[in-house]
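Heads up, the thing below is written out as structure tokens.
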Amino acid sequence: MDDLLIITGPTGVGKSEISIDIAKKYNGEIISADSMQIYRGMDIGTAKIDIKKTEVKHYLIDIINPDENYSVAEFQKNAKELITKINESKKLPIIVGGTGLYINSIIYDLDFQNIKTDFEYRKFLIDQYNDKGLNYLYEQLQKSDPDSASKIDRQNKNRVIRALEISKHSKKTTSNLRKKNESYNLLYIGLYMDREILYEKINQRVDAMIKNGLLNETKSILKGSFDLDYNSLKAIGYKEIIAYLKGEYDFDEAVRLIKRNSRRYAKRQITWFKKDDRINWIDKNSVDYKEKINNLIGAKFGKL
Numbered sequence: 001m002d003d004l005l006i007i008t009g010p011t012g013v014g015k016s017e018i019s020i021d022i023a024k025k026y027n028g029e030i031i032s033a034d035s036m037q038i039y040r041g042m043d044i045g046t047a048k049i050d051i052k053k054t055e056v057k058h059y060l061i062d063i064i065n066p067d068e069n070y071s072v073a074e075f076q077k078n079a080k081e082l083i084t085k086i087n088e089s090k091k092l093p094i095i096v097g098g099t100g101l102y103i104n105s106i107i108y109d110l111d112f113q114n115i116k117t118d119f120e121y122r123k124f125l126i127d128q129y130n131d132k133g134l135n136y137l138y139e140q141l142q143k144s145d146p147d148s149a150s151k152i153d154r155q156n157k158n159r160v161i162r163a164l165e166i167s168k169h170s171k172k173t174t175s176n177l178r179k180k181n182e183s184y185n186l187l188y189i190g191l192y193m194d195r196e197i198l199y200e201k202i203n204q205r206v207d208a209m210i211k212n213g214l215l216n217e218t219k220s221i222l223k224g225s226f227d228l229d230y231n232s233l234k235a236i237g238y239k240e241i242i243a244y245l246k247g248e249y250d251f252d253e254a255v256r257l258i259k260r261n262s263r264r265y266a267k268r269q270i271t272w273f274k275k276d277d278r279i280n281w282i283d284k285n286s287v288d289y290k291e292k293i294n295n296l297i298g299a300k301f302g303k304l
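Numbering-wise, the working numbering puts 221 at position 221 of the sequence shown, and it's gapless, one number per residue.
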């Protein structure tokens, strides 16, 4: 049975930092489970680390261009192959990221090929749309799959409905496989911290993104066209800057919205991950958090 370590948690909690330390200490290689860090040239807005400076092998970062798409099924296939490859090289695969559906696709072995159009459920969603409006459907998507909601165009009814269909059926599959799938010798660690501290870190990180050139990075992706329908540009940070460039509000308001939307996204991530009782939660602000993580790894993999 292949070993697998997963490190997750909300945006801004410090997953990358601790995962690099762990990889160095336990001869590990990192598989990114971040649906935004897959894009080349989108570095500042995704808080992407400079992997060349880490001395640790990273996978699934900078693998496609902003105008390309990458599905959960593709992540699942690539990540599974990497887990096998890394184990065969006698190293520890470490999945790191906050994209919940990416992670669930691995630990519950979700079968996305069987997620076909559910016409009965689609009719229900259309009725909900007619009765309560698109904002209501989008709010339901935020609760069931915060990552998809953060990237999707909330004004695109068809995309919102399809995302809800996928979310429903992937969770049904997850429920069915929760006790069956024991493919990996798995240690699942979640990082958290006091919410107010986390929110302040998020605010500071957004300030750093602005200082480091998020505006110019967004302009370089757009290349003068404000109407590009890329999934990548629906992400928090980029979509607010694009709205500013279109004249929808001033720059200070764009920054305020990036901070607010990032905090809300973190809150939804926490709600998502708290549902999984496999996660060993570690307070990132506790003085002995590294010791606690080392103890868990040593007990599971015997690599102390």
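Ideal Cβ positions, reconstructed from N, Cα and C, are used throughout, including at glycine.
In whole angstroms, what separates the C-alpha of residue i from that of residue j?
| i | j | result |
| --- | --- | --- |
| residue 260 | residue 94 | 30 Å |
| residue 318 | residue 224 | Here the chain has residues from 1 to 304 only, and residue 318 is not among them. |
| residue 9 | residue 132 | 32 Å |
| residue 295 | residue 288 | 11 Å |
| residue 255 | residue 298 | 43 Å |
| residue 40 | residue 143 | 29 Å |
| residue 252 | residue 222 | 21 Å |
| residue 195 | residue 120 | 39 Å |
| residue 66 | residue 244 | 20 Å |
Report yes if the C-beta distance between residue i and residue j is below 7 Å; otherwise report no.
| i | j | result |
| --- | --- | --- |
| residue 60 | residue 19 | no |
| residue 218 | residue 238 | yes |
| residue 234 | residue 153 | yes |
| residue 16 | residue 49 | yes |
| residue 281 | residue 100 | no |
| residue 284 | residue 191 | yes |
| residue 185 | residue 42 | no |
| residue 265 | residue 242 | no |
| residue 202 | residue 263 | yes |
| residue 269 | residue 98 | yes |
Between which residues of its own chain and residue i is the CB-CB distance below 8 Å, once the five residues before and five after are set aside?
| i | result |
| --- | --- |
| residue 24 | 55 and 56 |
| residue 92 | 3, 5, 23, 26, 27, 28, 29, 86, 301 and 303 |
| residue 80 | 106 |
| residue 137 | 125, 128, 129, 157, 160, 161 and 164 |
| residue 174 | Confidence at residue 174 is low in this model, with a pLDDT of 45, below 50, so the placement of that residue is unreliable and no value is reported for it. |
Since residue i and residue j are thought to touch, with beta carbons under 8 Å apart, how far apart are those beta carbons, to the nearest angstrom?
| i | j | result |
| --- | --- | --- |
| residue 102 | residue 148 | Going by Cβ atoms, the distance from residue 102 to residue 148 rounds to 11 Å, so no, they are not a contact pair. |
| residue 205 | residue 14 | About 10 Å separates the two Cβ atoms, so there is no contact after all. |
| residue 69 | residue 231 | 6 Å |
Taking 6 Å as the cut-off, does the CB of residue i come closer than this to any heavy atom belonging to the ligand PLP?
| i | result |
| --- | --- |
| residue 273 | Judged by which ligands are present, the structure shown has none, so any question about the ligand PLP falls away. |
Beta-carbon within less than 7 Å of residue i's beta-carbon, same chain only, minus the 5 sequence neighbours each way: which residues are those?
| i | result |
| --- | --- |
| residue 37 | 46, 48 and 61 |
| residue 82 | 31, 59 and 93 |
| residue 44 | 209, 212, 213, 214 and 217 |
Got a sec? Which residues, its chain only, sit under 6 Å from residue i by beta carbon, not counting five neighbours each side?
| i | result |
| --- | --- |
| residue 257 | 240 |
| residue 167 | 144 and 145 |
With 7 Å as the threshold, decide whether the Cβ of residue i is near any Cβ in chain B.
| i | result |
| --- | --- |
| residue 289 | Of the chains in the structure shown, none is chain B; there is only one protein chain. |
_Entirely enclosed beta strand (DSSP E) segments - the segment 184 to 225, minimum 3 residues_ = 184 to 192
Whole alpha helix (DSSP H) elements within the segment 39 to 107, 4-residue minimum: 72 to 88 and 100 to 107
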